[in-house]
Amino acid sequence: MGDAGTLTAMLLVAVFAPVLSGLATLALPFRAITMRVLVAFAGPAASVVCLGSIISRFGMDEGAVGVPFIPSINCNLDLIADPLSLFFGLLVSGIGCLIVLYARGYFGKDEASLRRFYPTLGFFATAMMGIVLSDSTMGMFLFWELTSVSSFLLIGWDWQNPRAVRLAVQAFVTTGLGGLALLAGVILLGVTTGQWTMSGLIKLAESGALLEFDRGLLIGSFVLLFIGAAAKSAQFPLHFWLPGAMAAPTPVSAYLHSATMVKAGVFLLARLFPILAVLGAWAPTLISFGATTMVYGAYLALRSAELKKIFAYTTVSQLGLLVCAYGLGGFEYSHGGHSEQNLIWPVMQILNHAAYKAPLFIIAGAIMHLAGRKELHQLKGLLKTHPILAVIALLAAYGLAGGPFTLSFTAKEAFLYQIVHAAHENPQLWIVGVLAVFTAMCNVAIFVRMLTTFIAKPTAEGRLEHDAHASSDHALPHDEGHEGGDPDRHHHESGFWGACIWLPAALIVSIQYIGGIAPGWFGRLIQGIETHTLYWEHLAEGSTLAAFGHLVQGEISAALMMSLIAMGGGVALGLSPLFRTPVVDVFNGLFPGVMRSTEWTGFHLFHVLQSGNLRHYVAATLGALLVGVAAVAIYDPAVLEMPEWAPLGHGGHGLRIIAIALAALICLTSLIMPFTSRRVVRVLVMGACGFSVTGMYLIYQAPDLALTQLMFEIISVILFMLVLRLMPEEHKVKYHISKPLRAIFAGAVGLVIGWTVLHGGSIADQAFGERLMAQRNAQGSQVIAVADRHADGHSEAYMGGFESTGDERLGSWFERHSYEGTPETHGRGGGGKNIVNVILVDFRGYDTLGEITVLSIAVIGVLSMLASAPGVSTRRAGDDPEHSIVLAGPQPKLRSCLLQTGMSLLLPLMLMFAGYMFFKGHNEPGGGFIAGLIASVALAVYRMAEGREALRRLLPIKPGTSAALGLLIALVTAVMPLVAGLPLLTSVNTHIPLPGDGEFHFASAMFFDIGVFIVVVGVSVGMINRFEEELE
Amino acid sequence: MTLLLAICAAVVFAVSVYLLLGRELKGVAMGVFLFSHAAHMGILAMSGQPFVKGAGGASPMKEPPIIGLGEHLVDPLPQALILTSIVISFAVTAFLLTLLVTTHRRTGTLEVNALADEDRPAPPSRHQFIATEA
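If you're matching them up, the sequences are chains R and X in order. Residues in the first sequence are numbered consecutively from 62, following this note's numbering. Residues in the second sequence are numbered consecutively from 41, following this note's numbering.
Okay, here's the thing in structure tokens:
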């Protein structure tokens, strides 16, 4: 395996290991809890190992590899290994490992929950790894939506709680709609630039070619992509879903909604930064939304009481800060002689947030779990009752406050430095500076509040609660998870697995202090993954104190000043009683409000549009047709002109008279129908109309059609007669002509259809005429081809792009290949001279297969509906085969002697004729359909003459069964060629010499035709038989 | 002759639409049945005139689409499509008639307007949308 192969394999393992290990836990038996944890742990751990070895083996900039997935829509599993993706990949998989352990501590021995949790978590981790490692933009979108799905599953974890489900839906719809905007953005960007991979886009941007594309389209795609990122990263005013997502179990909050998934939006902006930051819209958009989110989140965090809520809103705030930082990066300024982008240590900012927010959530879950308290003011004296939790919480909160000797301090300085720098050029950006200071004050105040609460004397209430937990330690059954309505209360155990509830937090928070105390060493460690390291010089000295020294001098002092103001103000704010009463975010009502009004509007629209009256639907559908035609006629009046080629023509002398007579008959018979409501007259007239149409088929040289239509008409008339006898006769004759509006409407629709037919037919004529002329004049195949193409150009324009093969009419293609093959079809032909039949059983055999399936479904519908109709509850015993013989003798009905005598003669003749038509079918008019219909007519009339028992004696199997049998034969014939490695429905032809002169032509398509035959007989006889039974 | 077919298709179509807009379902079923006739004639017209337009007066008929019958065959494709359509419309008609029988047994009426009120959803009320708080 080459290097590229190794890289591909490793990246694929990194992406898919979590979901595979998650699924593997499903295979484990119960009572293997440690094994379960270890297997679940193996997935993200494998990802970490893979990414680590990629870094050690290939370095950071190995580039992209492609694995095709759906190349036709540019959606591939292209993966990329660059600093950004590797950093995010390590973040996701690394924290994923710890969350697996934490879940074990959190859920305790509740194995049923773990069994549900680990596969879902693995699913999420894979989706998230997919986002960060994707090079393909469409592929990234795919994984992006998968994270929304997994997030939905995890927020709605407590699925019996309607509130959790509602919040899950809210999060899913919000991020899902954002995802759609992202998809639109990806497509617009891809179509505009022709690039469907991130690496391609970056190359394009680096070469400067990107800005040569249409600026409006680029800005449009930027806006769409930003909406996607903003929805995912909870930017104002779409931030409401993130605090709501805290209904999830705490491992989920710690993982998805603080450290990883909500960073996907920021990640996307980081990916797009080198591509789209050159756009003028980048900086103002990101800064304004980011800064608003930042300060609004911080304010709400200060006004929240519940621990998870507080941390959720600080997460919103921090996400705003990150977006704002990338926005500020859109400005450029000269530094050391060359132009630099105003972006400082962005990756460290992201890492920093994960390194204090994940521990905070983990500890919040642990506190709720162990102390049973959710709200901050209830946690007085935590330091005494749960010292480990309190210490870790305070260490993490110190990071939140951005105090010195934490990574957070450096990160905040970098951000303030960015603001100061940008504000030197754009003074209005000082507003952002003020907002940032206020945000920092809020964060410090939260830390101060936590500190004062934790070190305060425990109240009686708090102690009581602690004792209660201790005493209930043994009372709780082991496998019981959720107690009451509180998903965070669980049985707790001691030992290593018990410690798992705080251990991951301690590990993660240590990053804060390693980075804070030894920034130089830490800086060198992560330097490789940073893209914009301008601030590096100030940290390289090796300690925060040295950095302080630098910060005090020069322009950075402004940033430091701001930091000091924030700390002082924050301590004062935290100690003061200001902003202590909780408030509810007004935007919480946004989503329910929108949902409610959507439902309300939809319901009303439905009530207006869906009247339930068939006439309204018909009128609306055909009215739309009329409006459409009118619009076309206004747009292009040429469609109203009479076609050039005289439609009546001059040929077919003798036949013309007959044709005119037939047409008159068709029109007359159909026009009688509205004027009578006597059902017998109507059915007979309808039949007459059908028979006249049969004549028309003959004139148009379609013997197959004429035969089929004839039989079909007979069966239909019988069917109609039977059914109408089941219904009451009308009370009196009604002349519906009293509805002139209806008549005018129907006339208009008819006119449109007639006009369309006239044009279509004329175009076909014109094409034929031109081909003929070219043939006669030039007698060169090339010219024919040209004329064909020309003619087809016309017909295509009118027939909605009916596809033709090469330069010819589709019909002529069938004509050439019907009997013998040509090189075009690798020498394979249909082996039949009757082109229509060959089309049905060979060229378009798949259609026919579908068609006989429809027939079978229809007969199933007929038989089952009639069986279930209430009227059948009074079934006669004669329907049961056991009793039928008893009742067969005395028929309750009088039967026509004439019909009986006639049928006894005709039945064998007609069946023989059907057989003849069947075998003749491949080369002459005939075939399975026609033969089937002839046999059906014979059997149906026989059934009418002789009754049910006679038919049953004649046909040993039930008609419904035979329909199924025929379908089976056709299916087997269709599938057989697959066994031999040929395409579906391939026909094999042989000629078997017969004694004497003739030979029997055999095509395997004949078996298919047999299937068709049996289905047709089964269906039509079955239906008629059933209706007659209803009558008897 | 295309003109003849066009007129036939127009008339039959108009009649079928008129019946479809009628007030009772038996007429609707017949309308559907006629509808398929009109559609078939429309497709048939797409194969062009059934005769060859001669250079001087003589215009022989085209031959049915069977190989070996003559030089100019009628376009087989519309015929294959119609053949399929005939069989499908048979299935649809039978199914529709069964529905008619069942409907009549269940509701005792075949009046379209009466049936429309049968399953009509209740008008929406505000009480249905309980305010959801996040």
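A virtual CB, placed ideally from N, CA and C, is assigned to each residue, including glycine. Keep in mind that this is a model prediction, so the values were computed, not measured.
Near-chain X residues of the stretch 656-689 of chain R (beta-carbon distance less than 7 Å), N- to C-terminal order: R657, E660, W661, F664, H665, H668, S672, G673, N674, L675, R676, V679, A680 and L683
Name the DSSP bridge partner or partners of F91 (chain X)? Start at 1 with the first residue of the second sequence, and residue 91 (chain X) comes out as number 51. BP columns for F91 (chain X) point to X:M101.
Cβ neighbour criterion (16 or more within 10 Å) applied to E876 (chain R): Looking up residue 876 (chain R) in the first sequence gives position 815. When all chains shown are included, E876 (chain R) counts as buried.
Counting contacts by CB-CB distance shorter than 7 Å, is N1086 (chain R) in contact with chain X? On the first sequence, position 1025 is the one that residue 1086 (chain R) refers to. Chain X, which has no Cβ nearer than 7 Å to the Cβ of N1086 (chain R), makes this no.
Just the C-alpha distance for T235 (chain R) and L651 (chain R), rounded to the nearest angstrom, thanks. Sequence index remark: in the first sequence, residue 235 (chain R) carries index 174 (1-based). Sequence index remark: in the first sequence, residue 651 (chain R) carries index 590 (1-based). Cα-Cα distance, rounded: 11 Å.
Residue range of the unbroken beta strand (DSSP E) whose run includes I141 (chain R): The sequence position of residue 141 (chain R) within the first sequence is 80, counting from 1. That run of the beta strand (DSSP E) goes L140 to A142.
What residues of chain R sit near G88 (chain X), judged by a beta carbon separation below 7 Å? The count along the second sequence starts at 1 and reaches residue 88 (chain X) at position 48. Here the neighbours are G822, A825, D826 and F829.
7 Å Cβ cutoff, I480 (chain R) in contact with chain X: To locate residue 480 (chain R), count along the first sequence from 1; it is residue 419. No - not a single Cβ of chain X is within 7 Å of the one on I480 (chain R).
Span separating the alpha-carbon of Y1003 (chain R) from that of G976 (chain R): For this step, residue 1003 (chain R) is matched to residue 942 along the first sequence. For this step, residue 976 (chain R) is matched to residue 915 along the first sequence. Spanning the two alpha carbons is a distance of roughly 17 Å.
Please state if the CB of V100 (chain R) and the CB of A85 (chain R) are separated by a distance shorter than 7 Å. In the first sequence, residue 85 (chain R) corresponds to position 24, counting from 1. In the first sequence, residue 100 (chain R) corresponds to position 39, counting from 1. Contact: yes.
If the criterion is Cβ atoms closer than 7 Å, does the pair G183 (chain R) and S209 (chain R) meet it? What you label residue 183 (chain R) is simply residue 122 of the first sequence in a count that begins at 1. What you label residue 209 (chain R) is simply residue 148 of the first sequence in a count that begins at 1. Not in contact: G183 (chain R) and S209 (chain R) (Cβ atoms no closer than 7 Å).
Are the C-beta of F75 (chain X) and some C-beta of chain R separated by less than 7 Å? Taking the second sequence and counting its residues from 1, one reaches residue 75 (chain X) at position 35. Chain R contact via Cβ: absent.
Once the 5 residues before and after F213 (chain R) are set aside, which same chain residues still bring their CB inside 7 Å of it? Your numbering for residue 213 (chain R) matches position 152 in the first sequence. Around F213 (chain R): A229, A232 and F233.
Note down, in chain order, each residue of its chain lying with its Cβ closer than 7 Å to the Cβ of Q256 (chain R), except the 5 sequence neighbours on either side. Position 195 of the first sequence holds residue 256 (chain R). For Q256 (chain R), where only same-chain residues beyond five positions count, the Cβ hits under 7 Å are L262 and L265.
What did DSSP end up calling A125 (chain R) once you bin it into helix, strand or coil? Here residue 125 (chain R) corresponds to residue number 64 of the first sequence, with the count starting at 1. Here A125 (chain R) sits in strand by DSSP.
Alpha-carbon spacing of D908 (chain R) relative to I128 (chain X), whole angstroms: One-based indexing of the first sequence puts residue 908 (chain R) at position 847. One-based indexing of the second sequence puts residue 128 (chain X) at position 88. C-alpha separation (whole angstroms): 11 Å.
Spatial neighbours of S573 (chain R) in its chain, beta-carbon cut-off 6 Å, leaving aside the 5 residues before and after: Position 512 of the first sequence holds residue 573 (chain R). What sits at residue 573 (chain R) in the sequence shown is Gln, not Ser. Same-chain partners within the cutoff: A416, Y417, G460, T467 and L468.
Limits of the alpha helix (DSSP H) - the one that L980 (chain R) falls within: Here residue 980 (chain R) is taken as the residue at index 919 of the first sequence, counted from 1. In the sequence as presented, Leu is not what sits at residue 980 (chain R); that position holds Phe. Where F980 (chain R) is concerned, the enclosing alpha helix (DSSP H) stretches over C958 to K981.
Give me the subset of the stretch 756-781 of chain R whose CB atoms are less than 9 Å from a CB atom of chain X, sorted by chain position. M757, Y758, I760, Y761, Q762, A763, P764, D765, L766, T769, Q770, F773, I776, S777, L780 and F781
Consider the Cβ of E912 (chain R): report whether some Cβ of chain X lies at a distance smaller than 7 Å. Numbered from 1 along the first sequence, position 851 holds the residue referred to as residue 912 (chain R). Chain X, which has a Cβ nearer than 7 Å to the Cβ of E912 (chain R), makes this yes.
Cβ neighbour criterion (16 or more within 10 Å) applied to L666 (chain R): Along the first sequence, one-based indexing puts residue 666 (chain R) at 605. Looking at its Cβ environment, which holds fewer than 16 other Cβ atoms inside 10 Å, L666 (chain R) is exposed.
Closest Cβ-Cβ distance between A566 (chain R) and chain X: below 7 Å? Indexing the first sequence from 1 puts residue 566 (chain R) at position 505. Output row for A566 (chain R): interface = no.
What are the start and end residues of the alpha helix (DSSP H) that includes N838 (chain R)? Position 777 of the first sequence, counting from 1, holds the residue named residue 838 (chain R). Per DSSP, N838 (chain R) belongs to the alpha helix (DSSP H) from P801 to N838.
Could you tell me the boundaries of the alpha helix (DSSP H) in which H677 (chain R) lies? Position 616 of the first sequence, counted from the first residue, corresponds to residue 677 (chain R). Unbroken alpha helix (DSSP H) run through H677 (chain R): L675 to Y696.
Could you tell me whether the Cβ atoms of V915 (chain R) and A49 (chain X) are closer together than 7 Å? Counting from 1 along the first sequence, the entry for residue 915 (chain R) is found at position 854. Counting from 1 along the second sequence, the entry for residue 49 (chain X) is found at position 9. Cβ atoms of V915 (chain R) and A49 (chain X): not closer than 7 Å.
Taking Cβ positions, are F648 (chain R) and L363 (chain R) nearer each other than 7 Å? Taking the first sequence and counting its residues from 1, the one referred to as residue 648 (chain R) is at position 587. Taking the first sequence and counting its residues from 1, the one referred to as residue 363 (chain R) is at position 302. It is not a contact, given that the beta carbons lie outside the stated cut-off.
Using only alpha-carbon positions, find the residue among R:I900, R:H438, R:D646 and R:V920 that is nearest to I107 (chain X). If you number the second sequence from 1, residue 107 (chain X) lands on position 67. The residue with the shortest Cα to Cα distance from I107 (chain X) is R:I900.
Give the C-beta separation of I776 (chain R) and L994 (chain R) to the nearest angstrom, bearing in mind that I take them to be a contact with Cβ-Cβ under 8 Å. Reading the first sequence from its first residue, position 715 is the one you call residue 776 (chain R). Reading the first sequence from its first residue, position 933 is the one you call residue 994 (chain R). 7 Å between Cβ atoms; contact.
Inter-stretch contact at 8 Å, needing at least 3 Cβ pairs: the stretch 307-324 of chain R / the stretch 431-446 of chain R: no
According to DSSP, is L595 (chain R) part of a helix, a strand, or is it coil? Position 534 of the first sequence, counted from the first residue, corresponds to residue 595 (chain R). Confidence at L595 (chain R) is low in this model, with a pLDDT of 48, below 50, so its placement is unreliable and no value can be given for it.
Could you tell me whether the Cβ of I288 (chain R) comes closer than 7 Å to any Cβ of chain X? For the purposes of this step, residue 288 (chain R) is identified with residue 227 of the first sequence, where counting begins at 1. I288 (chain R) does not count as touching chain X.
Out of curiosity, what's the CA-to-CA distance linking D826 (chain R) and F974 (chain R)? Numbered from its first residue, the first sequence carries residue 826 (chain R) at position 765. Numbered from its first residue, the first sequence carries residue 974 (chain R) at position 913. Spanning the two alpha carbons is a distance of roughly 36 Å.
Grouping DSSP H, G and I as helix and E and B as strand, with all else coil, what is C136 (chain R)? In the first sequence, residue 136 (chain R) corresponds to position 75, counting from 1. Looking at C136 (chain R) - three-state DSSP - the assignment turns out to be strand.
From the DSSP output, in three-state form, read off I1018 (chain R) for me. Taking the first residue of the first sequence as 1, we reach residue 1018 (chain R) at position 957. If DSSP states are grouped into helix, strand and coil, I1018 (chain R) belongs with coil.
Are the C-beta of M926 (chain R) and some C-beta of chain X separated by less than 7 Å? Counting from one through the first sequence, the residue named residue 926 (chain R) turns up at place 865. True, the Cβ-Cβ gap to chain X drops below 7 Å.
Over what stretch of residues does the alpha helix (DSSP H) that includes H112 (chain X) continue unbroken? Here residue 112 (chain X) corresponds to residue number 72 of the second sequence, with the count starting at 1. Note, H112 (chain X): premise wrong, no alpha helix (DSSP H); not H, not E.
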